[in-house]
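Participant: One structure is given below, represented as structure tokens, and several questions about it will come after.
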Amino acid sequence: MSSDPDQFLDIRALQAFLAAMSTGSMTGAAQLLGKSQPAVTRVVRELEEAVGFQLFHRNGPRISPTERGLLFHEEAVRLMAGMRQISSRATAIRDNIAASLDIAATPTMSGGLIAPALAGLGEAQPDFINVQTMGAEHVVRSVHARTADIGVSSFPLDYAGLSIQAICERDCVGVVADDDPLARQSVLSLASLTERRLVTVGNAFRLRRSIDRAISQAGIHPPRDFSTNTSLNAVMAARAGLGVAIIDPVTAFGIPVQGVKVLPLDVRIPYFWGLFSDAARVVSPLTSAFVDAFIGSCSAIIPDCRFHDPADQPDMSPDRDH
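Throughout the sequence shown, residue numbering follows the numbering used here, covering 211 to 532 in sequence.
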């Protein structure tokens with residue numbers, strides 16, 4: 211591996227790599243970048259030499275990423291996003307305009323709450339806004355790396371080195387198709403799952419753990435299961451009549467979908483989410499204003515949303531007693 215940091219961090223090489231990943235060929239990458247195919251191929255090979263591992267499997271004109279190439283792609287995307295942030299911040303400094311705001315959020319949060327919160331800033335909105343969507347663990351990483359001013363995610367998280375700015379809570383809900391017989395009920399009983407397919411998220415260490423625990427405590431054993439990585443997928447599956455969805459309230463109320471009925475459950479499955487920043491970083495007035503706007507959006511969008519003092523955190527473990 212090269213010890214030359216300038217070679218390793220050659221922006222043109224990263225651009226060529228990302229273009230090749232996007233198009234699936236060196237020829238396509240060359241067309242995208244407006245360069246010759248041999249030049250792009252050479253730059254990518256130099257990048258492979260610099261990082262010390264193969265980025266692509268090559269089969270004639272076609273390429274496919276190696277496992278290490280996929281991992282490196284995540285880092286390259288984050289680095290290029292950081293370069294764009296530097297550019298926008300430099301422009302703000304040069305033109306003496308409002309600072310930029312960089313937000314890292316999970317898909318659930320970015321889909322339902324970020325835009326209304328930004329709109330709530332009114333005239334305080336900065337000229338440059340960057341919202342990056344990623345998994346909860348990567349949100350924490352972005353906040354620590356200071357490529358994000360604020361992180362937005364469900365809780366709990368690894369709070370080491372974080373300063374919690376807001377904690378929101380609301381119970382999970384059930385979702386069924388409008389024409390489902392259960393849609394006529396005012397409350398969705400978990401007992402209805404004894405003969406129906408459960409549709410929900412699949413991460414056993416986050417929300418799914420709380421849902422499974424509540425179902426188990428109720429003595430219910432759904433005969434069929436539909437697992438997915440996002441609650442919105444679960445909503446769409448329920449709308450198609452594939453089963454009964456149990457999801458987080460942010461998706462249910464923040465991303466309204468026609469053709470479904472959102473119902474309260476007959477048991478409490480608390481769901482926590484909120485905002486956090488790096489503990490070693492001073493919170494700017496703009497970031498503080500966004501926190502206030504986010505809380506206001508949650509209050510307006512999520513019925514019965516509850517707020518906790520970040521200095522007195524509740525037990526947010528999925529294994530707690532409800």
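Quick reminder that beta carbons are idealized off the backbone N, C-alpha and C, glycines included.
Would you be able to state if there are at least three C-beta pairs under 8 Å between the region 393-411 and the region 357-370?
Facilitator: Contact fails: fewer than three Cβ-Cβ distances are below 8 Å.
Participant: Which residues share a DSSP beta bridge with residue 471?
Facilitator: Answer by DSSP bridge pairing, in chain order: 386.
Participant: Beta carbon of residue 480, beta carbon of residue 333: below 7 Å?
Facilitator: It is not a contact, given that the beta carbons lie outside the stated cut-off.
Participant: Whole angstroms is fine: what's the gap from residue 263's alpha carbon to residue 339's?
Facilitator: Approximately 35 Å between the Cα atoms of the pair.
Participant: Give me the DSSP bridge partner(s) of residue 340.
Facilitator: DSSP, once it has assigned bridges, lists 312 as partnering residue 340.
Participant: Distance check for residue 516 and residue 522, CA to CA, integer angstroms please.
Facilitator: Taking the straight line from one Cα to the other gives about 14 Å.
Participant: Comparing C-alpha positions only, which one of 251, 227, 489 and 482 sits nearest to residue 270?
Facilitator: Out of 251, 227, 489 and 482, 251 has the C-alpha closest to the C-alpha of residue 270.
Participant: Here's the rule I'm using: 16 or more other beta-carbon atoms within 10 Å means buried, otherwise exposed. How should residue 443 be labelled?
Facilitator: Answer is buried; the Cβ neighbour count reaches 16.
Participant: Since residue 518 is in the beta strand (DSSP E), which residue starts that stretch and which ends it?
Facilitator: Here the beta strand (DSSP E) through residue 518 covers 516-518.
Participant: Starting from residue 488, trace the beta strand (DSSP E) both ways and give me its first and last residue.
Facilitator: Here the beta strand (DSSP E) through residue 488 covers 480-488.
Participant: Could you work out which residue in 382, 395 and 424 is closest to residue 482 when comparing CA atoms only?
Facilitator: It is 382 whose Cα lies nearest to the Cα of residue 482.
Participant: How many Å lie between residue 323 and residue 255 at the Cα?
Facilitator: Looking at the two C-alpha atoms, the distance is approximately 42 Å.
Participant: Does the region 268-288 come close enough to the region 222-242 to have 3 or more Cβ pairs within less than 8 Å?
Facilitator: Output reads yes: the region 222-242 touches the region 268-288.
Participant: Does the Cβ of residue 509 have 16 or more other Cβ atoms within 10 Å, making it buried, or fewer, making it exposed?
Facilitator: Counting Cβ neighbours within 10 Å, residue 509 comes out exposed, since fewer than 16 surround it.
Participant: So for residue 354, helix, strand or coil by DSSP?
Facilitator: It is helical.
Participant: My guess is that residue 243 and residue 223 are in contact by the Cβ rule of under 8 Å, so how many angstroms apart are they, rounded?
Facilitator: Residue 243 to residue 223, Cβ: 11 Å. No contact.
Participant: Go ahead and label residue 432 buried or exposed: buried means 16 or more other beta carbons lie within 10 angstroms of its beta carbon, across all protein chains shown.
Facilitator: The residue is buried, with at least 16 neighbouring Cβ atoms inside 10 Å.
Participant: Can you name the start and end residues of the beta strand (DSSP E) that residue 195 belongs to?
Facilitator: Residue 195 lies beyond the residue range present for the chain, which begins at 211 and ends at 532; the question has no answer from this structure.
Participant: Determine the direct distance from the alpha carbon of residue 493 to that of residue 235, and round the result to whole angstroms.
Facilitator: Going by the C-alpha atoms only, they are around 43 Å apart.
Participant: Return yes when the Cβ of residue 315 is within less than 7 Å of the Cβ of residue 362, no when it is not.
Facilitator: Contact: yes.
Participant: Measuring CB to CB, does residue 353 end up less than 7 Å from residue 472?
Facilitator: No, the pair does not count as a contact, with Cβ atoms beyond the cut-off.
Participant: Measuring straight from C-alpha to C-alpha, what distance separates residue 519 and residue 498?
Facilitator: Approximately 15 Å, taken between the alpha carbons.
Participant: Look at the Cβ atom of residue 436, then the Cβ atom of residue 452, and state whether they are nearer than 7 Å.
Facilitator: Taking 7 Å as the Cβ cut-off, residue 436 and residue 452 qualify as a contacting pair.
Participant: With a 10 Å radius around its C-beta and 16 neighbouring C-beta atoms as the bar for buried, classify residue 464 as buried or exposed.
Facilitator: So residue 464 ends up on the buried side.
Participant: Give me whichever residues DSSP pairs with residue 263 in a beta bridge.
Facilitator: DSSP lists no partner for residue 263.
Participant: Give the range of the beta strand (DSSP E) segment to which residue 422 is assigned.
Facilitator: Run containing residue 422: none in the beta strand (DSSP E); it sits in the alpha helix (DSSP H), 417-427.
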